[in-house]
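Participant: Please see the structure below; I have some questions.
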């Protein structure tokens, strides 16, 4: 599903209104119909609508008028701001409500809020149509007071297009915004709604049509998120006449004396995702762990130095490594100069898709240009701290600018960048951005990144492009974590459990 920036949505509406002759107030009416429909699903007796003086407020006012046709629903409106400063379409709907003798309370300052708390508490549904997608700074003081009141006293909140207080480009909430139970957004979701902290405010997200032409010629750009149906369509096909070679060979170069489990988790995830053969290139100690935990894996023993791979470890695999379908490297290798020497040779030698995770990225601190030596398509999967080491940027800055940081890195180094966070960002060198919305706090455990690396590798092994594998791999791994948490709670899930639930996540997609 495509996601839109505010400018893209503005351009789409401009095209519809100015070039196709669709009246703006008609778009507002259709927006209101979506809000009304979702409101009626709650079977309310009392509905209270907070409306601002912009077009978002106009959506709420049109909804109020529609609700007036339901005699069994008591509908009231609280209009915030000077009515004389309302936008054209908002004013038109306000005047229509006045003509209908609607119950409208005007609030222009804090003194006008006396008694409002009681009205909010009495409402079965509160509709938030105060501030829409144009917000790019914190709310005014009066609006902050109202938002706090709504959050504290409302029984059920529906936000129009976005919760008031949210920047729908960046996902920022400026410290205070409406916490909706449901957000009814229009035409297509806005990219910022899928980012934190905004995602914590939207509740259930519903996307409603406002009758914009489906053949709209405006290019909506490269922001996306996967739906279940889209994820299912990306799944590799399993031919009935097949063998292990049909589904590819996944090479995993991972683990050291202190982190042998990383290799085991990555190998397990690759197999659970459907790879035909998983071959681990590891030191003797890690090989023992894999043999005990995953007997299906094949191992090639590499020489090590002090329990870790080094430059000399590469010689035994120099001619063999490109016989695989995909190479996943870095999980738990250790961050040493010797590991860097190995990783550098791997980057220069690989002729098949290469996934670099964990220590394969940590050893590139201050040497990120090594990535430019890659011959084959390359995926990097840093978490925030690893991205900080690669870029020199502060973690706090990266966490606030996930899309721009991931996008810039992907273009600069010609790598697919999987920037891991609560909602992971996948950026391609071509400029496309995917926001992954699956996952759970239960996955905030050591080894979850190793599971993701193995999942992506397993999908490439079966023939997916690196881009599709990165996007679908994040989706599947997150769903697997959710299923594990549903059975084991948010507290007890281990990365190995997430890998174990990968088949269930895929099975659910097949059914969707």
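In the working numbering, the protein residues as written are 3 to 514. Backbone N, C-alpha and C define an ideal beta-carbon position, used for all residues, glycine too. As the structure is a prediction and not an experimental result, all values here were calculated from the model.
Does the pairing of the stretch 178–198 with the stretch 407–416 give three or more beta-carbon distances under 8 Å?
Facilitator: Too few Cβ pairs lie closer than 8 Å, so no.
Participant: Would you check if the distance between the CB atom of residue 483 and the CB atom of residue 444 is smaller than 9 Å?
Facilitator: Residue numbering aside, residue 483 sits at position 481 when the chain shown is read from its first letter. Residue numbering aside, residue 444 sits at position 442 when the chain shown is read from its first letter. Contact: yes.
Participant: Note down the Cα distance separating residue 599 from residue 383, rounded to an integer number of angstroms.
Facilitator: Residue 599 is absent from the model: the chain starts at 3 and stops at 514.
Participant: Can you check which of these residues, 63, 215, 77, 3, is closest to residue 15 by C-alpha distance?
Facilitator: Residue mapping note: residue 15 aligns to position 13 of the chain shown, counting from 1. With distances taken between Cα atoms, residue 15 lies closest to 215.
Participant: Could you tell me the distance, in whole angstroms, from the CA atom of residue 492 to the CA atom of residue 441?
Facilitator: Here residue 492 corresponds to residue number 490 of the chain shown, with the count starting at 1. Here residue 441 corresponds to residue number 439 of the chain shown, with the count starting at 1. Roughly 11 Å separates the two Cα atoms.
Participant: If we ignore side chains and look at the alpha-carbon of each, how far apart do residue 144 and residue 157 end up?
Facilitator: Here residue 144 refers to the residue found at position 142 of the chain shown. Here residue 157 refers to the residue found at position 155 of the chain shown. Each residue's Cα considered, the two are about 21 Å apart.
Participant: Based on the DSSP output, what are the partners of residue 6 in its beta bridges?
Facilitator: Taking the chain shown and counting its residues from 1, one reaches residue 6 at position 4. Answer by DSSP bridge pairing, in chain order: 192.
Participant: Are three or more beta carbon pairs between the stretch 255–266 and the stretch 322–336 nearer than 8 Å?
Facilitator: Short answer: they touch.
Participant: Indicate the three-state DSSP secondary structure (helix, strand or coil) for residue 435 in the structure shown.
Facilitator: Taking the chain shown and counting its residues from 1, the one referred to as residue 435 is at position 433. If DSSP states are grouped into helix, strand and coil, residue 435 belongs with the strands.
Participant: Relative to the C-alpha of residue 314, which candidate in 291, 300, 345 has its C-alpha closest?
Facilitator: Translated into the one-based positions of the chain shown, residue 314 becomes position 312. Nearest of 291, 300, 345 to residue 314, Cα basis: 345.
Participant: Would you kindly work out how many angstroms separate the C-alpha atoms of residue 319 and residue 455, rounded to a whole number?
Facilitator: Indexing the chain shown from 1 puts residue 319 at position 317. Indexing the chain shown from 1 puts residue 455 at position 453. Rounded to whole angstroms, residue 319 to residue 455 spans 21 Å at the Cα level.
Participant: Is DSSP giving residue 293 helix, strand or coil here?
Facilitator: Working through the chain shown from its first residue, we reach residue 293 at position 291. Three-state DSSP puts residue 293 in a helix.
Participant: Do you know offhand how far residue 432's Cα is from residue 124's?
Facilitator: Indexing the chain shown from 1 puts residue 432 at position 430. Indexing the chain shown from 1 puts residue 124 at position 122. So the alpha carbons of these two residues sit roughly 52 Å apart.
Participant: Please classify residue 440: does DSSP put it in a helix, a strand, or coil?
Facilitator: Your numbering for residue 440 matches position 438 in the chain shown. Residue 440: coil per DSSP, three-state reduction.
Participant: So, helix, strand or coil for residue 130, using DSSP?
Facilitator: Position 128 of the chain shown, counted from the start, is the residue given in the question as residue 130. Note: residue 130 maps to strand in three-state DSSP.
Participant: Where does residue 500 fall in DSSP's three states?
Facilitator: By one-based count along the chain shown, residue 500 stands at place 498. Looking at residue 500 - three-state DSSP - the assignment turns out to be helix.
Participant: Counting pairs of beta carbons, one from the stretch 358–377 and one from the stretch 462–478, are three or more of them closer than 8 Å?
Facilitator: No contact exists between the stretch 358–377 and the stretch 462–478.
Participant: Is residue 273 helix, strand or coil when you go by DSSP?
Facilitator: If you number the chain shown from 1, residue 273 lands on position 271. The answer is helix: DSSP assigns residue 273 an H, G or I state.
Participant: For residue 170 versus residue 137, is the C-beta spacing smaller than 9 Å?
Facilitator: Within the chain shown, the letter at position 168 stands for residue 170. Within the chain shown, the letter at position 135 stands for residue 137. Contact flag set, yes.
Participant: Classify residue 453 as buried or exposed, calling it buried when 16 or more other Cβ atoms lie within 10 Å of its own Cβ.
Facilitator: Position 451 of the chain shown holds residue 453. With 16 or more Cβ atoms within 10 Å of its Cβ, residue 453 is classed as buried.
Participant: Count the other CB atoms, across all protein chains shown, that sit within 10 Å of the CB of residue 67; report buried if there are 16 or more and exposed otherwise.
Facilitator: Here residue 67 refers to the residue found at position 65 of the chain shown. Residue 67 comes out buried.
Participant: With the cut-off set at 9 Å, would you say residue 179 and residue 54 are in Cβ contact?
Facilitator: Locating residue 179 in the chain shown gives position 177, counting from the first residue. Locating residue 54 in the chain shown gives position 52, counting from the first residue. Not in contact: residue 179 and residue 54 (Cβ atoms no closer than 9 Å).
Participant: Helix, strand or coil: how does DSSP classify residue 202 here?
Facilitator: Translated into positions along the chain shown, residue 202 becomes position 200. Three-state DSSP puts residue 202 in a helix.
Participant: Just verifying my parser: in three-state terms, what is the DSSP assignment at residue 213?
Facilitator: One-based indexing of the chain shown puts residue 213 at position 211. Coil.
Participant: Confirm, please, whether the CB-CB distance from residue 278 to residue 250 is below 9 Å.
Facilitator: In the chain shown, counting from the first residue as 1, residue 250 sits at position 248. In the chain shown, counting from the first residue as 1, residue 278 sits at position 276. Yes, they are a contact pair.
Participant: Quick one, are the C-beta atoms of residue 195 and residue 168 less than 9 Å apart?
Facilitator: Translated into positions along the chain shown, residue 195 becomes position 193. Translated into positions along the chain shown, residue 168 becomes position 166. Cβ atoms of residue 195 and residue 168: closer than 9 Å.
Participant: Would DSSP call residue 77 helix, strand or coil?
Facilitator: Here residue 77 corresponds to residue number 75 of the chain shown, with the count starting at 1. Three-state result, residue 77: strand.
Participant: Touching or not, the stretch 54–64 and the stretch 77–91, by the rule of three or more beta carbon pairs under 8 Å?
Facilitator: Touching, yes.
Participant: Tell me, please, whether the stretch 269–278 touches the stretch 239–250 by the rule of three or more beta-carbon pairs shorter than 8 Å.
Facilitator: Yes, the stretch 269–278 is in contact with the stretch 239–250.
Participant: Taking all protein chains shown into account, decide if residue 6 is buried (16 or more other Cβ within 10 angstroms of its Cβ) or exposed.
Facilitator: In the chain shown, counting from the first residue as 1, residue 6 sits at position 4. The residue in question, residue 6, is buried, as its Cβ has 16 or more Cβ neighbours within 10 Å.
Participant: Give the DSSP bridge partners of residue 187, in chain order.
Facilitator: Mapped onto the chain shown, residue 187 falls at position 185. Paired residues: 209.
Participant: Which whole-angstrom value is the C-beta distance of residue 500 and residue 486, which I expect to be below 8 Å?
Facilitator: Position 498 of the chain shown, counted from the start, is the residue given in the question as residue 500. Position 484 of the chain shown, counted from the start, is the residue given in the question as residue 486. Indeed they touch by this definition, with Cβ atoms about 5 Å apart.
Participant: Rounded to the nearest angstrom, what separates residue 126 and residue 366 at their Cα positions?
Facilitator: The residue you call residue 126 lines up with position 124 of the chain shown. The residue you call residue 366 lines up with position 364 of the chain shown. Going from the Cα of residue 126 to the Cα of residue 366 covers about 56 Å.
Participant: If we call anything under 9 Å between Cβ atoms a contact, is residue 301 one with residue 273?
Facilitator: Counted from its first residue, the chain shown places residue 301 at position 299. Counted from its first residue, the chain shown places residue 273 at position 271. No, the pair does not count as a contact, with Cβ atoms beyond the cut-off.
Participant: Give the straight-line distance between the Cα atoms of residue 77 and residue 48, rounded to the nearest whole angstrom.
Facilitator: By one-based count along the chain shown, residue 77 stands at place 75. By one-based count along the chain shown, residue 48 stands at place 46. Taking the straight line from one Cα to the other gives about 6 Å.
Participant: Would you mind giving the Cβ-Cβ distance between residue 237 and residue 511, rounded to the nearest angstrom? I have them listed as a contact below 8 Å.
Facilitator: As a position in the chain shown, residue 237 is number 235, starting the count at 1. As a position in the chain shown, residue 511 is number 509, starting the count at 1. Rounded, the Cβ-Cβ distance is 6 Å, consistent with contact.
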